[in-house]
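> Starting off with a structure, shown below.
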Amino acid sequence: MFTDETALETALSAPSAALVAEAAQWPGDLVVLGAGGKMGPTLCRMARRAADEAGRSDLRVHAVSRWSDAAVADRLRAAGVDPVVADLTLDADLTALPEAANVVFMVGAKFGSAAAPHHAWAVNAALPALIARRYADSAITAFSTGNVYPLVPVATGGCTEDDAPDPVGEYAMACLGRERVLEHAADTRGTRIAVLRLNYAVEPRYGVLADIARALTAGAPVDVTTSHVNVVWQRYANEVALRALTRASSPPLILNLTGPETASTRRIALGLAERLGVAAEFTGMEAPSALLNDAGRCHALFGYPDVALGTLLDWQAGWIAAGGTLWDKPTKFQRRDGRF
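Under my numbering, the first residue of the sequence shown is numbered 45, with each subsequent residue one higher.
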């Protein structure tokens with residue numbers, strides 16, 4: 045259980061022994077593009093801690109973002125990370141970005157994509173093509189999304205990497221565009237790439253569990269139309285992104301990144317309600333299909349996620365009961381039409 049954000053972020057950025065061993069072999073610096081988002085700050089801290097524990101004080105971790113919240117950049121600087129202020133757009137001077145042997149690409153546009161699809165395509169597909177050219181000789185881990193898959197029957201256990209993408213909506217199509225331009229970079233320039241189809245990372249301040257818990261504590265009904273979801277502890281997702289760098293390849297390594305459970309939305313809500321001491325109310329009819337990923341290939345490479353779903357529910361309820369901060373960043377996991 046976490047009592048404050050310092051303890052939470054320390055846990056989220058803790059590297060495993062396996063990551064430390066791999067960091068000892070990193071050939072050069074790391075640059076994290078889009079480091080100011082929900083996952084970026086703790087991923088950067090994890091990389092710095094892994095390098096330090098490996099005795100690699102020579103490696104620099106560059107965290108690139110607009111840094112609209114200067115306090116986050118200041119905390120990273122105090123942790124030994126180098127914040128770099130840059131607005132990553134199609135008109136940006138990408139040659140000014142730091143040189144790096146390893147790159148984690150976290151830039152993306154999701155919400156508002158239905159109203160301005162051109163922006164989603166510019167950020168999610170055109171910009172990655174430029175980044176892949178800028179870092180043609182680097183290893184690149186790029187975050188994608190499980191939204192590139194179709195909705196599938198719950199009983200299937202989710203799509204595997206061998207299933208053909210079939211995106212619904214402009215956001216999902218633009219994210220598949222990201223994957224395709226990275227595949228092109230790997231094919232034409234030999235750039236080593238790992239693509240992670242994430243679905244969904246959680247920690248107590250945001251995510252699917254926080255969304256459901258927020259509704260419960262507000263006395264609002266939980267929509268169970270999206271009847272099942274996948275979630276994964278954010279620390280594990282951070283670590284997979286960093287460890288994938290040593291496995292990046294041409295053609296790209298494609299991995300689903302999520303937890304092992306096909307989790308019932310209703311059961312999650314009931315579990316949180318019991319822990320929070322509130323009543324659970326529901327709305328909607330549970331659909332027989334959902335956006336679900338099978339991450340068995342990822343688990344075979346990196347091991348199972350180190351925190352089980354029941355523990356995540358404990359932590360989420362404990363965080364809310366203690367008055368912990370909740371970010372106003374809803375996942376909108378309930379959407380089934382691809383419009384965000």
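By construction, the Cβ of each residue, glycine as well, lies at the ideal position given by its N, Cα and C atoms.
Grab the span of the beta strand (DSSP E) containing residue 127 for me, first residue to last.
Where residue 127 is concerned, the enclosing beta strand (DSSP E) starts and stops at 126–129.
> What span of residues does the beta strand (DSSP E) with residue 238 cover, start to end?
236–242
> Relative to the alpha-carbon of residue 166, which residue among 110, 373, 221 has its alpha-carbon at the smallest distance?
221
> Find the nearest neighbour of residue 279 within the set 148, 46, 57, 49, judged by alpha-carbon distance.
The shortest Cα separation from residue 279 among 148, 46, 57, 49 belongs to 57.
> Quick one: what's residue 247 bridged to in DSSP?
250
> What residue range is occupied by the uninterrupted beta strand (DSSP E) comprising residue 155?
Premise fails: residue 155 is in no beta strand (DSSP E) and is neither H nor E.
> Are the beta-carbon atoms belonging to residue 184 and residue 173 less than 8 Å from one another?
no
> Would you tell me roughly how many angstroms separate the C-alpha atoms of residue 223 and residue 169, rounded to the nearest one?
8 Å
> Pull the bridge partners of residue 338 from the DSSP assignment, please.
In the DSSP output, where bridge partners are listed per residue, residue 338 has none listed.
> Could you have a look at residue 274 and say whether DSSP puts it in helix, strand or coil?
Coil, per DSSP.
> For residue 197, which residues does DSSP report across the bridge?
333
> Out of 341, 333, 213, 380, which has the shortest C-alpha to C-alpha gap to residue 197?
333
> Here's the rule I'm using: 16 or more other beta-carbon atoms within 10 Å means buried, otherwise exposed. How should residue 162 be labelled?
So residue 162 counts as exposed.
> Below 8 Å between beta carbons: does that hold for residue 296 and residue 237?
The answer is yes: Cβ separation under 8 Å.
> In angstroms, rounded to a whole number, what distance separates the CA positions of residue 307 and residue 99?
40 Å
> Closest to residue 322 by C-alpha separation, out of 134, 193, 299, 263, would be which residue?
When each option's Cα is compared against that of residue 322, the closest is 263.
> Assuming residue 148 is part of the beta strand (DSSP E), what are its boundary residues?
It spans 146–149 - the beta strand (DSSP E) in which residue 148 sits, taken as one unbroken run.
> Please confirm if the region 74–84 is in contact with the region 148–156, defined as three or more CB-CB distances below 8 Å between the two stretches.
yes
> Hey, is the region 199–207 in contact with the region 250–257, meaning 3+ C-beta pairs nearer than 8 Å?
no
> Measure the C-alpha to C-alpha separation of residue 61 and residue 325 and round it to an integer number of angstroms.
So the two alpha carbons sit approximately 43 Å from each other.
> Give me the residue from 102, 86, 261 with the minimum Cα distance to residue 69.
102
> Which residues in the same chain as residue 89 place their Cβ atom closer than 6 Å to its Cβ, once the five residues preceding and following it in sequence are excluded?
57, 123
> Let me check one thing: in DSSP terms, what residues is residue 106 bridge-paired to?
75, 126
> Taking C-alpha atoms, which residue in 318, 160, 178, 140 lies nearest to residue 218?
160
> Compute the Euclidean distance between the alpha carbons of residue 317 and residue 260, then round it to the nearest angstrom.
7 Å
> Which same chain residues end up closer than 7 Å to residue 272 when comparing Cβ atoms and leaving out the 5 residues on each side of it in sequence?
Excluding residues within five positions, the ones whose Cβ falls inside 7 Å are 198, 306, 307, 308, 309, 334, 336.
> Might you give, ordered along the chain, the residues of its own chain that have their beta carbon closer than 8 Å to the beta carbon of residue 357, omitting 5 neighbours on each side?
253, 312, 315, 316, 319
> Distance check for residue 200 and residue 75, CA to CA, integer angstroms please.
38 Å
> Just to confirm my understanding: we take residue 382, look at its own chain, exclude 5 residues before and 5 after, and list those with CB closer than 6 Å. What are they?
212, 213, 216
> Considering only residues of the same chain and omitting the five flanking positions on each side of residue 129, which have a CB-CB separation below 6 Å?
111
> Cα-Cα, which of 339, 354, 353 is closest to residue 347?
339
> Is it buried or exposed for residue 355, if we count other Cβ within 10 angstroms and need 16 for buried?
Exposed, because fewer than 16 other Cβ atoms sit within 10 Å of the Cβ of residue 355.
> Which stretch, first to last residue, makes up the beta strand (DSSP E) that contains residue 185?
183–189
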